[in-house]
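Protein chains in written order, with the UniProt record's numbering: chain A, 1 to 747; chain B, 1 to 98; chain C, 1 to 137. In this text, a Cβ means the ideal position worked out from N, Cα and C, and glycines have one as well. All figures in this text were calculated on a predicted structure; none of them were measured in a lab.
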Amino acid sequence: MGLGLLASKAMRPASRIFNSQNPRNFLFRTIVSKPELQKPETSAAQAQPDPPPVDLPPRTPVAGARVHFPNPDDAIEVFVDGYPVKIPKGMTVLQACEVAGVDIPRFCYHSRLSIAGNCRMCLVEVEKSPKPVASCAMPALPGMKIKTDTPVAKKAREGVMEFLLMNHPLDCPICDQGGECDLQDQSMAFGSDRGRFTEMKRSVVDKNLGPLVKTVMTRCIQCTRCVRFATEVAGVQDLGMLGRGSGEEIGTYVEKLMTSELSGNVIDICPVGALTSKPFAFKARNWELKGTESIDVTDAVGSNIRIDSRGPEVMRIVPRLNEDINEEWISDKTRFCYDGLKRQRLNDPMIRGADGRFKVVSWRDALAVVAEVAHQVKPEEIVGVAGKLSDAESMMALKDFLNRMGSNNIWCEGTGMNPNADLRSGYLMNTSIAGLEKADVFLLVGTQPRVEAAMVNARIRKTVRANQAKVGYIGPETDLNYDHQHLGTGPQTLLEIAERRHPFYSTLANAKHPVIIVGAGLFEREDKDTIFSTVETIAENAKVVRPDWNGLNVLLLNAAQAAALDLGLVPESGNSIESAKFVYLMGADDVNLDKIPGDAFVVYQGHHGDRSVYRANVIFPAAAFSEKEGIYENTEGYAQQTFPAVPTVGDARDDWKIIRALSEVAGIKLPYDSLGAIRARIRTVAPNLVHLDEREPATFTASLKPASSQKITLTPFENVVENFYMTDSITRASKIMAQCSALLTKK
Amino acid sequence: MAWRGCLSHNFKELRILLCQSSPASLTTRTFVEKNYKDLNTLNPKLPILIRECSGVEPQLWARYDMGVERDVRLEGLTEEQICKALEDLVKIGESLKA
Amino acid sequence: MAELKEEGYLRCLPDGNLLQTKIHNIGARLVGVDKFGNKYYEKLEGVQYGRHRWVEYAEKSRYNASQVPAEWHGWLHFITDHTGDELLLLKPKRYGLDHKQNFSGEGDAFIYHSKGHALNPGQRDWTRYQPWQPTKA
């Protein structure tokens with residue numbers, strides 16, 4: 001059939017020539033022969049390789065990527081479309097073409113998953129090969145000549161596209177992936193203009209994967225990216241390919257929901273509209289949305305996200321690439337918490353009247369009332385608590401304001417009663433998240449990384465798979481999606497390891513890059529200093545902390561903790577809240593409200609009416625993370641900033657601006673008026689916070705600290721995060737998170 | 001060195017900003033390594049915040065009551081001079097309280 | 001005398017169309033009246049074909065063709081023989097709207113305004129968030 005088509009194509013221009021010229025001359029054919037074609041030697045001479053086209057501009061790798069050569073003398077040279085390019089040994093043909101700047105279409109290949117080679121869209125022509133080669137699977141050999149724009153390669157692509165579209169339903173108008181669909185883009189760029197399919201298309205029954213992932217399995221092109229993602233990155237082997245040939249279906253064999261916390265990433269991975277976001281279904285098209293690059297604050301990892309908004313509304317959250325922190329993935333909580341930003345929002349300043357009901361007032365009145373009360377109280381009765389989602393600027397403003405009022409009792413939620421913020425290495429992840437990939441032994445103390453920081457867990461899993469790393473876990477029974485040894489449940493095991501009695505100690509001591517991760521849940525314990533010094537002893541004995549490798553890490557729980565400890569939000573006395581008369585809660589919803597005395601005047605400044613609002617006397621509406629420009633520091637000390645994606649709600653203002661206004665009304669004006677000014681102030685306190693998109697490692701290790709002499713209590717460690725889906729005010733207000741926690745948490 | 005014990009009476013917070021690797025902060029780094037344990041044992045309640053950041057000039061900040069802050073540039077000072085600077089800040093603190 | 005004025009006989013003097021309608025009404029059969037008050041007449045013998053069905057509008061001074069409701073429109077324009085009272089039974093109860101005459105040119109209060117327009121009396125609340133409602137606990 002192909003030859004016939006070719007022949008008919010060849011015949012058509014000839015027939016045009018016949019028709020156009022004098023019909024009487026149709027028996028005469030002009031001779032088309034050149035002197036070179038007559039001589040046989042010249043045809044042999046043309047078999048040599050063409051010299052690289054000198055007039056072409058130099059090729060840069062696709063998307064400006066940098067090529068990493070593990071050993072530079074092991075580089076091989078291949079020719080891509082006649083252009084020579086140097087690549088490290090072991091790269092595939094597709095990667096070689098990417099280095100040369102040629103983007104080869106593909107469906108099943110993903111740079112972070114294993115190679116499948118089943119879509120066949122990446123076929124390119126390689127010289128001396130009888131058939132086109134799947135470039136994603138073929139390793140590049142030295143001297144290979146790869147041709148990506150020859151008729152063979154183009155025909156292969158058109159053919160593969162035709163086959164893919166044969167059973168693909170005509171769903172583009174109703175498919176959510178329209179506009180960002182790989183199949184649409186590649187069929188426009190590489191497919192033929194018409195199809196030849198006249199039979200009936202097959203359809204597949206839809207699978208129920210939970211409240212987050214919407215499946216329309218008829219659209220599936222069986223690329224198996226989701227299967228490979230689930231097995232490799234997420235660690236749950238939920239999905240599989242059932243059947244053979246055109247009856248292939250992707251699904252869970254039993255009626256199982258995708259409960260993994262990374263299940264939302266299959267939505268990004270799926271090249272067609274088979275797996276899409278259920279909350280986002282039919283809400284918007286991607287060209288209507290404005291993407292704002294921002295940072296996630298639902299946990300301490302600081303995953304880079306892009307907030308897609310249409311007008312004043314956040315429509316969805318998609319991940320951004322950041323090799324160091326979250327690669328290309330985000331957890332489900334990050335991805336789907338956005339509808340909490342629309343519910344239970346505080347939009348006007350309110351004062352609680354004498355009857356106990358809230359009355360909306362103007363900013364002027366509210367600020368005046370608060371300033372008046374603040375001056376009537378003694379300085380040591382003023383207490384400030386920064387919330388989980390506070391940014392560095394607002395915490396700086398709160399600290400400055402409270403200090404100028406004479407109070408030193410300000411702390412951040414989750415840092416415990418007497419936090420030690422002296423040495424940065426005592427509360428940061430000193431091996432950066434990317435550095436965890438080098439480790440070969442992990443000791444997890446009192447932390448459940450799967451629910452506390454899902455991206456760190458993904459990284460640990462990646463290391464366990466790649467390096468066969470061993471993981472020892474001390475804490476309550478939990479399931480991690482990699483093999484681990486459950487060493488114990490409490491400080492008893494820690495003491496055993498510190499005294500070198502435990503068998504795991506030898507694993508730790510013999511490791512080349514050992515890593516100890518301590519959970520921030522231990523901050524709440526009274527014997528936290530002793531536990532930390534025990535861990536430091538273990539680190540010293542097993543040489544976990546060395547000049548070139550610091551393996552002692554603390555995994556924080558909230559987005560605000562690292563910045564708070566960096567800014568020095570350390571209270572003067574631990575239980576100052578029990579004798580407080582003026583309490584300033586800046587987004588603090590997990591404060592134990594019973595501890596606040598009944599006659600204390602409570603000001604709540606936040607964006608959601610969650611828990612603490614009910615105790616408040618005055619409410620200041622503030623901006624959420626998607627509406628303000630603020631610096632957040634993640635658990636490894638990487639300072640990043642969020643950008644406003646949507647305007648603030650109602651009469652809300654930025655947090656630090658509220659405190660600045662309050663300070664002026666109270667008569668002690670803070671010296672900064674703009675974002676630049678407050679960042680200059682932060683520069684004098686913790687300059688690493690203004691070095692954005694950079695990680696400042698801590699050089700002073702815990703060996704500088706004096707040893708703690710407190711007695712260790714042997715109560716076992718507890719689960720810090722009970723419900724992964726509902727941890728802060730935004731996620732508690734979200735309907736999607738409520739559905740998830742009802743359906744997806746394991747009972 | 002009795003004044004070292006009464007740091008927490010005068011300061012509310014002590015901050016040392018330094019660079020991890022630059023030669024200007026070398027003396028500050030050695031000062032911290034030698035004296036931090038001492039100061040912390042004598043003043044367990046005083047927050048002595050050590051903040052490293054690349055490219056920052058070494059500074060010593062002291063925060064007194066009511067949010068008053070004083071800073072000393074530690075560039076080019078020897079360790080004894082840094083000690084002296086700390087002592088001066090203590091004296092300023094005492095004078096502020098009086 | 002008041003009935004005469006109400007019937008529009010006084011309006012006949014400036015309005016020749018109304019006079020002609022009134023003259024045509026003599027000997028005609030009143031087929032029906034719609035809910036606006038428009039009267040529909042039919043005279044089959046002695047009348048030129050095409051002029052055997054007509055309407056006398058309720059409002060004698062301001063009348064226009066769009067005041068005829070849908071159920072009488074068919075009968076009036078010789079499309080069907082079913083009169084308006086019969087066709088009224090077919091009007092859908094769930095979603096059938098009341099008939100409105102064509103208000104173009106009458107003023108801003110009458111024309112269509114979208115749901116967010118300031119002049120729309122039932123203006124929709126376009127705030128994309130729900131403000132905090134204290135739970136009654």
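message: Can you confirm whether the region 445 to 457 of chain A touches the region 580 to 597 of chain A when touching is taken to mean that 3 or more C-beta pairs between the two stretches lie within less than 8 Å?
response: They do not touch, by the three-pair rule.
query: Is it true that the region 636 to 646 of chain A meets the region 675 to 692 of chain A, where meeting means three or more beta-carbon pairs spaced less than 8 Å apart?
result: Segments in contact, yes.
- request: Within the region 442 to 530 of chain A, note down every full alpha helix (DSSP H) run reaching 4 residues or more, in order along the chain.
  value: Fully enclosed alpha helix (DSSP H) runs of 4 or longer: 449 to 452, 454 to 467, 491 to 498, 503 to 509.
- request: Tell me, please, whether the CB atom of residue 750 (chain A) is closer than 8 Å to any CB atom in chain B?
  value: The structure shown has nothing for residue 750 (chain A), since chain A only spans 1 to 747.
field: Buried versus exposed call for Gln67 (chain C) [16 or more other C-beta atoms within 10 Å across all chains shown]
entry: What you label residue 67 (chain C) is simply residue 67 of the third sequence in a count that begins at 1. Counting Cβ neighbours within 10 Å, Gln67 (chain C) comes out buried, since at least 16 surround it.
- request: Quick one: give me the first and last residue of the alpha helix (DSSP H) that Thr27 (chain B) is part of.
  value: As a working note, residue 27 (chain B) is residue 27 in the second sequence. 26 to 42 is the span of the alpha helix (DSSP H), which, as asked, contains Thr27 (chain B).
- prompt: How would you list, in chain order, the residues of chain C whose beta-carbon sits under 8 Å from the beta-carbon of Arg343 (chain A)?
  reply: In the first sequence, the residue the question calls residue 343 (chain A) occupies position 343. Per Cβ cutoff of 8 Å: Tyr129, Gln130.
- prompt: Can you name the start and end residues of the beta strand (DSSP E) that Ser309 (chain A) belongs to?
  reply: Counted from its first residue, the first sequence places residue 309 (chain A) at position 309. From DSSP, the beta strand (DSSP E) with Ser309 (chain A) extends over 304 to 310.
task: Could you work out which residue in A:Thr198, A:Lys342, A:Gly251 is closest to Val649 (chain A) when comparing CA atoms only?
output: For the purposes of this step, residue 649 (chain A) is taken as residue 649 along the first sequence, with counting starting at 1. Closest in C-alpha terms to Val649 (chain A), from the list A:Thr198, A:Lys342, A:Gly251, comes A:Lys342.
query: How should Ile531 (chain A) be labelled, buried or exposed, when 16 other C-beta atoms within 10 angstroms of its C-beta is the threshold for buried?
result: If you number the first sequence from 1, residue 531 (chain A) lands on position 531. Answer is buried; the Cβ neighbour count reaches 16.
field: Bridge partner(s) assigned by DSSP for Ile730 (chain A)
entry: In the first sequence, residue 730 (chain A) corresponds to position 730, counting from 1. Answer by DSSP bridge pairing: none, since Ile730 (chain A) is not bridged.
- prompt: Span of the alpha helix (DSSP H) holding Ile82 (chain B)?
  reply: Here residue 82 (chain B) corresponds to residue number 82 of the second sequence, with the count starting at 1. Start and end: 79 to 97.
message: Please identify the residue among A:Thr463, A:Ser579, A:Ser331, A:Lys283 whose C-alpha is closest to the C-alpha of residue 801 (chain A).
response: Lying before the first or after the last residue shown, residue 801 (chain A) is absent from chain A, which here runs from 1 to 747.
- request: Measure from the C-beta of His73 (chain C) to each C-beta in chain A and report whether the shortest distance is under 8 Å.
  value: Within the third sequence, numbered from 1, the residue matching residue 73 (chain C) stands at position 73. The Cβ of His73 (chain C) sits no closer than 8 Å to any Cβ of chain A.
query: Roughly how many angstroms lie between the CA atoms of Tyr112 (chain C) and Val205 (chain A), to the nearest whole one?
result: Within the third sequence, residue 112 (chain C) is the residue found at index 112, counting from 1. Within the first sequence, residue 205 (chain A) is the residue found at index 205, counting from 1. One Cα belongs to Tyr112 (chain C), the other to Val205 (chain A), and the distance between them is close to 45 Å.
query: Once you ignore the five residues that flank Lys89 (chain A) on each side, which residues in its own chain have a CB closer than 6 Å to its CB?
result: As a first step, residue 89 (chain A) is located in the first sequence; it is residue number 89 there, counting from the start. Closer than 6 Å at Cβ, skipping near neighbours: Asp74, Ile76.
task: Specify whether the region 510 to 522 of chain A and the region 717 to 734 of chain A touch according to this definition: at least 3 beta carbon pairs, one from each stretch, less than 8 Å apart.
output: Segments in contact, yes.
- prompt: How many angstroms separate the CA atom of Ile399 (chain A) from the CA atom of Val85 (chain A)?
  reply: By one-based count along the first sequence, residue 399 (chain A) stands at place 399. By one-based count along the first sequence, residue 85 (chain A) stands at place 85. First, the amino acid is wrong: residue 399 (chain A) is Lys here, not Ile. Lys399 (chain A) and Val85 (chain A): Cα-Cα distance of roughly 56 Å.
- prompt: Helix, strand or coil: which one does DSSP assign to Arg124 (chain C)?
  reply: Locating residue 124 (chain C) in the third sequence gives position 124, where the first residue counts as 1. Coil at Arg124 (chain C), not helix or strand.
Chain-ordered chain A contacts of Pro134 (chain C) [CB-CB under 9 Å]: Residue mapping note: residue 134 (chain C) aligns to position 134 of the third sequence, counting from 1. Those are Arg357, Phe358, Gly609, Val613, Tyr614, listed as they occur along chain A.
task: Kindly list, in the order they appear in chain B, the residues whose Cβ is closer than 9 Å to that of Gly700 (chain A).
output: As a first step, residue 700 (chain A) is located in the first sequence; it is residue number 700 there, counting from the start. Note that residue 700 (chain A) is Phe in the sequence shown here, rather than Gly. Neighbours of Phe700 (chain A) on chain B, chain order: Arg29, Val32, Glu33, Tyr36, Ile50, Glu52.
message: Here's a check: name, in chain order, each residue in its chain whose Cβ is nearer than 7 Å to the Cβ of Ser309 (chain A), leaving out the five neighbours to either side.
response: Numbered from its first residue, the first sequence carries residue 309 (chain A) at position 309. Leu289, Lys290, Thr292, Met315, Ala645, Val646.
Counterpart residues of Leu275 (chain A) in DSSP-defined beta bridges: As a position in the first sequence, residue 275 (chain A) is number 275, starting the count at 1. Paired residue(s): A:Thr215.
Rounded separation between Gln739 (chain A) and Asn265 (chain A) - CA only: Translated into the one-based positions of the first sequence, residue 739 (chain A) becomes position 739. Translated into the one-based positions of the first sequence, residue 265 (chain A) becomes position 265. Each residue's Cα considered, the two are about 18 Å apart.
task: Quick one: which residues of the region 84 to 116 of chain A get their C-beta closer than 8 Å to a C-beta of chain B? List them in chain order.
output: Answer in chain order: no residues at all.
query: If you draw a straight line from the C-alpha of Asp127 (chain A) to the C-alpha of Glu98 (chain A), how long is it?
result: Taking the first sequence and counting its residues from 1, one reaches residue 127 (chain A) at position 127. Taking the first sequence and counting its residues from 1, one reaches residue 98 (chain A) at position 98. The question names Asp, but residue 127 (chain A) is Glu in the sequence shown. Going from the Cα of Glu127 (chain A) to the Cα of Glu98 (chain A) covers about 18 Å.
- request: Determine, using beta-carbon pairs with one atom in the region 41 to 59 of chain B and one in the region 697 to 717 of chain A, whether at least three such pairs fall under 8 Å.
  value: Yes: at least three Cβ pairs fall under 8 Å.
query: When you check each C-beta in the region 4 to 15 of chain B against every C-beta of chain A, which residues fall closer than 9 Å?
result: Those residues of the region 4 to 15 of chain B placed with their C-beta closer than 9 Å to a C-beta in chain A are Lys12, Glu13, Arg15, ordered along the chain.
task: Closer than 8 Å by C-beta to Ala707 (chain A): which residues in its own chain qualify, once you throw out the five before and the five after it? Chain order, please.
output: The residue given as residue 707 (chain A) occupies position 707 in the first sequence. Here Ala707 (chain A) has Ser533 as same chain residues with Cβ atoms under 8 Å from its own Cβ, once five neighbours each way along the sequence are excluded.
- request: If I'm right that Asn409 (chain A) touches Glu572 (chain A) with Cβ under 8 Å, what's the distance once you round it to whole angstroms?
  value: As a first step, residue 409 (chain A) is located in the first sequence; it is residue number 409 there, counting from the start. As a first step, residue 572 (chain A) is located in the first sequence; it is residue number 572 there, counting from the start. Right, their Cβ atoms sit about 6 Å apart.
message: Closer than 8 Å between beta carbons: that is the criterion. Which residues of the region 639 to 669 of chain A meet it against chain C?
response: For the region 639 to 669 of chain A, which is checked against every Cβ of chain C, the residues closer than 8 Å are Val649, Gly650.
- prompt: Is it buried or exposed for Lys45 (chain B), if we count other Cβ within 10 angstroms and need 16 for buried?
  reply: Against the second sequence, residue 45 (chain B) aligns to sequence position 45. Exposed, since its Cβ has fewer than 16 Cβ neighbours within 10 Å.
- request: Establish whether the CB of Asn688 (chain A) and some CB of chain B are separated by less than 8 Å.
  value: To locate residue 688 (chain A), count along the first sequence from 1; it is residue 688. Taking Cβ atoms only, chain B reaches closer than 8 Å to Asn688 (chain A), which makes this a yes.
message: Can you check which of these residues, A:Val570, A:Asp594, A:Leu569, is closest to Ser579 (chain A) by C-alpha distance?
response: Position 579 of the first sequence, counting from 1, holds the residue named residue 579 (chain A). With distances taken between Cα atoms, Ser579 (chain A) lies closest to A:Asp594.
task: Reducing DSSP to helix, strand and coil, say where Ala14 (chain A) ends up.
output: Taking the first sequence and counting its residues from 1, the one referred to as residue 14 (chain A) is at position 14. Bear in mind that a pLDDT of 47 at Ala14 (chain A), under 50, signals an unreliable position, so the number given afterwards is only what the model happens to contain. Note: Ala14 (chain A) maps to helix in three-state DSSP.
task: Rounded to whole angstroms, what's the CA-CA distance from Tyr64 (chain B) to Ser8 (chain B)? Just pull it up for me.
output: Start at 1 with the first residue of the second sequence, and residue 64 (chain B) comes out as number 64. Start at 1 with the first residue of the second sequence, and residue 8 (chain B) comes out as number 8. Our two residues, Tyr64 (chain B) and Ser8 (chain B), have alpha carbons roughly 10 Å apart in a direct line.
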